[in-house]
Structure formats: C-alpha cells, structure tokens
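S.K.: Protein chains in written order, with my numbering: chain A, 1 to 14; chain B, 1001 to 1258.
For every residue, glycine included, the Cβ atom is placed at its ideal position computed from N, Cα and C.
As the structure is a computational prediction, the values presented were derived from the model and not from experiment.
If you scroll down you'll find the structure; I have some questions about it.
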Amino acid sequence: RNKQRKIMVFFSSC
Amino acid sequence: MFEARLTEGSLLKKIIEAIKDLVQEANVDCSEEGLTMQAMDASHVSLCSLNMRHGGFDHYRCDRSISLGLNLANLGKILKCAGNDDVVTLKAEDEPDTLTLMFESPNQERISDFELKLMDIETEHLGIPNEEYKCTISMPSGEFQRIVRDLAVIGETCIITCTKEGVKFSVSGDLGNGNVTVRQSSAADGDEKDQVKIQMEEPVTLNFALRYLGFFTKATPLGSTVKLHMSPDVPIVVEYPIDGIGSISYFLAPKIDE
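Following this line, the structure appears as structure tokens:
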C-alpha cells in the first residue's frame, strides 16, 4: 500500500 | 512604503487563481528583490512557492521588508473587480493593516481602488534545498494539464516514470487502468514551446496523488511550458516559469510503499 508522505518530512523548518 | 505596478494586471489574477484552491492563507514577503510567497496546503502534503522579481514589475519600490498576511480567496474576489487589460498597482505602508489595490483601465478612463484587510498568519517556513534533480522534464503545460485531468477520472494515484525515451503517466482504479506516454521531441519538431525535453541522469519512478497535481495545473494559463523535476524518494517539483518575472513552483510529497 502507498502511504502519502507529508512535505515536512523532506524539508526542514527554518 | 511598498509600491508595485504591473501593466499586465491579468498576471496577478492568474497567479492568485493558481494558488487559492490549494492555499487559503499566506504571507507574501515583499523586499527590495521582489515578492516571494511560500505556503503549504491544509493537509501539509504540498508546498507552493511563488517568486516575482522586482525587475519584472513596471515600477517597484520597497523601502522596508514587509510581510502581507493575505486571505487568498478574498484577494481573488477583489482582483475579479479588475478588468483583464487593467494596470494593477499594489500599495502598502511600512507597518500595514491593509493592502491597497489600484486598477486603471488602459485608456485611464476608469480608476478604482480597493483595500484588503491583512491578517496575522503564523506559518512555518520550510528550507528547500537547492537540489540537482535526476530527471527534469520540460513539456507543454496544456499537455500536462490534459494528462492529469484524464487520469484523475480513472484513479487517485499517478505513477510517473521518466526514462530517456519519454515520461509515462500510469493510473489504475476500479474501472481499469491507463497509461499516457509522452516521448521526447526530436530537434526538428516544430515550436520550442510545444517540445518535450528530458534531461536525465538516471530513470526515476514515483507515485503522486492526482488530486494535488490537479490543483497545480490551475497555473496552466501562466505559461506555455511546465517543468517537472524528480529524484528518487523526494517531492516532485512542478514549476511554471512566468515570462520575464519569475515562477511558481509546487512541491508534492510522494506516496511511498509501506
């Protein structure tokens, strides 16, 4: 099954 | 004092149309360099980034960097009051509570101004690494829009596979499945803007939600070309260059097998 990732997983907060 | 004048005011209408269904509220940051905006959709699955260089405006002045907290639906309502040929000027004070929009008809016979109330918006600013992507596809924006629209009828998830030969968009759903492959144009094929070009270091396959790709294609009227940037296991970038002024880029997190 495919799970939708959140965008924050890839880009860190700054 | 902030003041930005765009002769082609319809551009601003198109930009807001391209964002407002995905993002409800956003801070537009104004500085000497120009306007930028970064915002996530409500589900935090995608991110939209707008960049408008100061040089792309017919007049641009920004004495002090300011942030305009905008409700994009409300801004869209005000921009609907501008004619398609109107010149649009944005104005704000150094510590603004409102954004003033002035619309002038081409013959100067009609001049209107509106004030939009600004909001305090708490947002998280994400750092987007300046990445070299394994695949970059340049294709007609209308073609991309059509593929996304067609495949969304069949299923929810699109598998995008990029190889040297072409880009394959695949979908499957309850009624069946489908694939659309667009092949790299040969140098002799017609207009530059109608071409499909692929720069590839290694083939990439990723899964994406068609619902979000559909939101991104609202930017189609902004230009004839769209660029897709992909690398394994990272968000796709769907980039619409805006002629002479900047670009709007959408980042969408992939769906990954559990």
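1) List the whole-angstrom C-beta distance separating residue 1256 of chain B from residue 6 of chain A, where the pair is believed to meet the contact cut-off of C-beta under 8 Å.
2) For residue 1007 of chain B and residue 1146 of chain B, what's the separation of their Cα atoms in angstroms?
3) List the residues of chain A that residue 1042 of chain B touches, going by C-beta distances under 7 Å, in chain order.
4) So what does DSSP say about residue 1001 of chain B, is it helix, strand or coil?
5) Residue 1229 of chain B by DSSP, collapsed to three states: which one?
6) Following the continuous alpha helix (DSSP H) through residue 1042 of chain B, name the residue where it begins and the one where it ends.
7) Quick one: Cα of residue 1176 of chain B to Cα of residue 1135 of chain B, how far?
8) Could you name the residues of the region 1165-1198 of chain B whose beta carbon sits closer than 8 Å to any beta carbon of chain A, in the order they occur along the chain?
9) Using beta-carbon positions only, say whether residue 1245 of chain B and residue 1056 of chain B come within less than 8 Å of one another.
10) Inspect the beta-carbon positions of residue 1167 of chain B and residue 1158 of chain B and report whether they are closer than 8 Å.
11) Using a C-beta to C-beta distance shorter than 7 Å, which residues of chain A count as neighbours of residue 1140 of chain B?
12) Just checking my contact of residue 1016 of chain B with residue 1075 of chain B at CB under 8 Å: how many whole Å lie between their CB atoms?
13) Would you tell me roughly how many angstroms separate the C-alpha atoms of residue 1194 of chain B and residue 1235 of chain B, rounded to the nearest one?
14) Sort B/1160, B/1179, B/1247 by Cα distance to residue 1254 of chain B and report the nearest one.
15) Give me the Cα-Cα distance between residue 1119 of chain B and residue 1238 of chain B, rounded to the nearest whole angstrom.
16) Looking at the C-beta of residue 1033 of chain B, does it have a partner C-beta in chain A at a distance below 8 Å?
17) Report, in whole angstroms, the separation of the C-beta atoms of residue 1038 of chain B and residue 1073 of chain B, which I expect to be a contact under 8 Å.
M.R.: The short version:
1) As a first step, residue 1256 of chain B must be located in the second sequence, where it is residue number 256. As a first step, residue 6 of chain A must be located in the first sequence, where it is residue number 6. About 11 Å; that fails the 8 Å criterion.
2) Locating residue 1007 of chain B in the second sequence gives position 7, where the first residue counts as 1. Locating residue 1146 of chain B in the second sequence gives position 146, where the first residue counts as 1. Answer to the nearest angstrom: the Cα atoms are 30 Å apart.
3) Counting from one through the second sequence, the residue named residue 1042 of chain B turns up at place 42. Chain A residues near residue 1042 of chain B: none, gap ~12 Å exceeds 7 Å.
4) Residue numbering aside, residue 1001 of chain B sits at position 1 when the second sequence is read from its first letter. Per DSSP, reduced to three states, the secondary structure at residue 1001 of chain B is coil, with no helix or strand assignment.
5) Sequence index remark: in the second sequence, residue 1229 of chain B carries index 229 (1-based). It is a strand residue.
6) To locate residue 1042 of chain B, count along the second sequence from 1; it is residue 42. Neither: residue 1042 of chain B is in no alpha helix (DSSP H) and is coded neither H nor E.
7) In the second sequence, the residue the question calls residue 1176 of chain B occupies position 176. In the second sequence, the residue the question calls residue 1135 of chain B occupies position 135. Taking the straight line joining both Cα atoms gives about 29 Å.
8) Of all residues in the region 1165-1198 of chain B, none is placed with a Cβ closer than 8 Å to any Cβ belonging to chain A.
9) Reading the second sequence from its first residue, position 245 is the one you call residue 1245 of chain B. Reading the second sequence from its first residue, position 56 is the one you call residue 1056 of chain B. With contacts defined by Cβ atoms closer than 8 Å, residue 1245 of chain B and residue 1056 of chain B form a contacting pair.
10) Looking up residue 1167 of chain B in the second sequence gives position 167. Looking up residue 1158 of chain B in the second sequence gives position 158. Result no, Cβ atoms of residue 1167 of chain B and residue 1158 of chain B do not sit closer than 8 Å.
11) In the second sequence, residue 1140 of chain B corresponds to position 140, counting from 1. Simply none; closest approach about 27 Å.
12) One-based indexing of the second sequence puts residue 1016 of chain B at position 16. One-based indexing of the second sequence puts residue 1075 of chain B at position 75. So it is a contact: roughly 6 Å between Cβ atoms.
13) For the purposes of this step, residue 1194 of chain B is taken as the residue at position 194 of the second sequence. For the purposes of this step, residue 1235 of chain B is taken as the residue at position 235 of the second sequence. Residue 1194 of chain B and residue 1235 of chain B have their C-alpha atoms some 25 Å from each other.
14) By one-based count along the second sequence, residue 1254 of chain B stands at place 254. Of the candidates B/1160, B/1179, B/1247, the one whose C-alpha sits nearest the C-alpha of residue 1254 of chain B is B/1160.
15) Numbered from its first residue, the second sequence carries residue 1119 of chain B at position 119. Numbered from its first residue, the second sequence carries residue 1238 of chain B at position 238. Approximately 28 Å, taken between the alpha carbons.
16) Indexing the second sequence from 1 puts residue 1033 of chain B at position 33. It does not; no Cβ of chain A falls within 8 Å.
17) Within the second sequence, the letter at position 38 stands for residue 1038 of chain B. Within the second sequence, the letter at position 73 stands for residue 1073 of chain B. Between residue 1073 of chain B and residue 1038 of chain B the Cβ distance is about 18 Å, and since that is not below 8 Å, they are no contact.
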